[in-house]
Each structure stands twice: as structure tokens, then as C-alpha cells.
Amino acid sequence: MAALPTQPTEHSWRSPLLGELDHVSTDQGQMQYFRRGEGPVLVFCHGWLANANLWRNVVEELAACFTCITFDLPLGAHRLAMDPDSDLTPTSCGALISTALAGLDLQQVTLVGNDSGGAYSQIAVECDLDRVARLVLNSCETPWGKFPPAPFDGLPEIAKDPAALAQLFGALRDRAIRLTPPAFGLLIKHPIEDLVSDSYALPCVCDPGILLDASKVISTASSPPVHDAGQRLIADYRGPVLFAWSPEDQVFPPAEAERYAAALHDGRVAWIDDAYSFTPEDQPQRLAEEIGRFAM
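Sequential numbering from -8 applies to the sequence shown in our numbering.
This is the structure:
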């Protein structure tokens, strides 16, 4: 297992609001997660170039009534690199979530996914339809959109060469660059703390193992596994699904959330104003209200 720095660096910091740190074994390597609170289980999944910090303020709102499990998925802003021979295709990333749920012996959970973490969450539910009692999809891929969506759809080709990806992501050392549309500008509407922003943008730049994982994740991204998982959920999943979406979303069309909800056995839509795709950053209290109401 890779050793963590004895003191947090600008790219390894995690919010104390997430709770206690622990690890779970998966087929791809050791994965970190955080646990806080008691009650019905909520499991939170972030997307590319984000980490557990994305959910810190949502966890703070919900931990009084729920057990909040927040995964630090190997999607480019994590702290522990996966095994050198790890498989991080979309199907394997979804299976990694499912394997982690099984490894922690979590049953009847509410699984919450944001951005590409929502894509992988759909694949995870497809892997084990009975383990996830409820699903929350927050501004993410659907059975009809591209994975990855524009303007990020050129990344898989670049990511085939880790050196090219490192050069591209090196620009993210500049916090001003992070605010532009090709970076996080279309995902985050309101300013976030520098420590959090650094924890998203810098791991790929600072750690070759994290860069290699990101290269695997991004270079293998494609729409068919996500579309197939979504169609399977439409056909076979009987649990309720909440689409927590912003009508201002710049990346994931609100109309697709409505279409997906209508196609499912029990799909519901909750609109969250004044936010972009990273709703847990822009409107954590409103998102927590919707999740808490849905999961009770």
C-alpha cells in the first residue's frame, strides 16, 4: 500500500467533516473511504478529478440521521494509487463500487453518484440489483448522452498517452485556469476553498501513480457501458431513483433527467437552483434536503 505523507499536502488534504478514514480491498487495490454518523446507509460516489471532499458539506448535513460512507474513488484526485495492473474501464469502475459495498457488508443502501460517479453508480447497480435499495443520480450521464460529455469528450484520446495527460493537467496548477470552461468552469458555479480545489486538481500533477490511474480511467471511457447499464435499470430495477438536477446544468441536459425518470419504474426529479453539475459544492444544503427526504 502506498504511504501517505505524515502531514497533509495541497493535494492530499481531506475534510474532517467526512468522518473516520478506513480502507476496503477491491480487485483493483486498496481504496480509501470515510464513515460518519449512524442510521440508514448513504454511500457517496464522486466523479473524475474529484474526491470524497466533494461530499463534505452534504455529509455534515446528513450525519445526524444517516450513516454516511464516502468513497475516495481512483478517478484522478485520490491518494492511494491502484495496483499497477489494475483495470479501470467503466465496467471495472462500476464493479469496484459494487465490490466495495460487498466488502463492507452494506445492504439496502442508498447509492448517490455525481458526474461520472453517477455513470459508474449505474453500472454498480447493474452488477448487483438487490444491494442498492435506492439510487440518487446527481447531474450525470444517462442512457442517451455521451460519456464523457462535451466539452470533455476529447480527453480519452489525450489520456492514451500519460505524458500528454500530465502536460494538459499541469496547467491546473494555476487556480485561475481551473475556473475556465475547459477545466471546472462549467461544473462549479460558486467559489470553493483553495484546499478543496487543490485536492481535485493537483494529484495527477504531483503523483505518477495517480496520473497512471487517471490515464486508465479516462482513456477507456466510452458511452456503451453506461448506456447498457441504464437500459438494464430501466428494464429490471424496481427501486426508486431520484434525479437531483440543476435546471442551469451546463454539461448534463435537464431534459435527459426528465426522460430517464419517466422511463424507470419509479423515477423522480428534484430541481436544485443556483448550481452547476457539482451540486454538492454549489448547493450542499438543498441537495442534502432532497437526499434525506428521499432516503428516509
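Cβ coordinates follow ideal geometry from the N, Cα and C atoms, glycine included.
- Here V187 has N44 as same chain residues with Cβ atoms under 6 Å from its own Cβ, once five neighbours each way along the sequence are excluded.
- Rounded to the nearest whole angstrom, the C-alpha separation of W4 and L193 is 11 Å.
- Non-local beta-carbon contacts of A174 in its own chain, meaning distances under 7 Å to residues more than five positions away in sequence, involve L163, I168 in chain order.
- In this structure, A68 and M22 do not form a Cβ contact; the two beta carbons are roughly 13 Å apart against a cut-off of 8 Å.
- Looking at the backbone, the Cα of I60 and that of G109 are separated by about 16 Å.
- Taking one beta carbon from each stretch, the stretch 209 to 219 and the stretch 104 to 119 have 3 or more pairs nearer than 8 Å; the two touch.
- Between D198 and L120, the alpha-carbon positions lie close to 36 Å from each other.
- DSSP places Q241 outside both helix and strand once states are collapsed to three, so it counts as coil.
- The beta carbon of P81 is closer than 8 Å to those of A110, Y111, I114, F138, T211, A212, S213, P216, V217 in its chain, skipping five residues each way along the sequence.
- DSSP places G109 in the helix class (H, G or I) of the three-state scheme.
- A direct Cα-Cα distance of roughly 17 Å separates G145 from L178.
- Secondary structure in the stretch 114 to 166: the alpha helix (DSSP H) runs of 4 residues or longer, each lying completely within the stretch, are 146 to 150, 153 to 161 in chain order.
- Nearest to F269 by C-alpha distance, out of S16, G200, N129, is N129.
- Here M287 has P31, C56 as same chain residues with Cβ atoms under 8 Å from its own Cβ, once five neighbours each way along the sequence are excluded.
- Rounded to the nearest angstrom, the gap between the Cα atoms of F243 and W262 is 13 Å.
- Rounded to whole angstroms, the separation of the alpha carbons of V260 and V15 is 32 Å.
- Here G104 is buried. Its C-beta has 16 or more other C-beta atoms within 10 Å.
- Excluding sequence positions up to five before and after V116, its CB lies within less than 7 Å of the CB of L102, V123, L126, L224, Y228, all in the same chain and listed in chain order.
- A246 counts as exposed, since fewer than 16 other beta carbons sit within 10 angstroms of its beta carbon.
- Bounds of the beta strand (DSSP E) holding C36 are 32 to 36.
- With fewer than 16 other Cβ atoms from the protein chains shown falling within 10 Å of its own Cβ, L170 counts as exposed.
- In the DSSP secondary-structure assignment, S16 is bridged to Q21.
- R26 has its alpha-carbon roughly 5 Å from the corresponding atom of E11.
- Rounded to whole angstroms, L159 and A150 show a C-alpha spacing of 9 Å.
- Here the alpha carbons of G176 and S83 stand approximately 29 Å from one another.
- In the displayed model, W4 falls within coil according to three-state DSSP, outside both helix and strand.
- In this structure, P271 sits near W46, with a CB-CB distance shorter than 7 Å.
- The three-state secondary structure of G104, taken from DSSP, is strand.
- A straight-line Cα-Cα distance of about 28 Å links L9 and G161.
- Cα atoms of L156 and L202: separation of roughly 8 Å, rounded to the nearest angstrom.
- Annotation for D219: the continuous alpha helix (DSSP H) segment containing it runs 214 to 227.
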